[in-house]
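Here the structure is laid out as structure tokens; the discussion comes afterwards.
In our numbering, the protein residues as written are 1398 to 1461.
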């Protein structure tokens, strides 16, 4: 399966962590709701809340 340009992997709201390898969507916390686990059927295609991930500075560590 090819990765969509607007997949969760390229989204600003995706945060690695939680109970699955796919991570957590943090969009919902921006509107006052709990974050949600990213479901396997959406991780490669994304959703309507997709926002381009900002490039990290070279040498910076990933947020944990």
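Cβ atoms here follow ideal geometry from the backbone N, Cα and C, with glycine treated the same way.
Item, Value
"Distance, Cα to Cα, residue 1433 vs residue 1415?", "9 Å"
"Take residue 1446 and list the residues in its own chain whose beta-carbon comes closer than 6 Å to its own, dropping the five residues that flank it on each side.", "1424"
"Measuring only the C-alpha atoms, how far is residue 1453 from residue 1409?", "11 Å"
"Tell me, which residues are paired with residue 1433 by DSSP?", "1422"
"Can you tell which of 1448, 1407, 1406, 1411 has the C-alpha that lies nearest to the C-alpha of residue 1421?", "1411"
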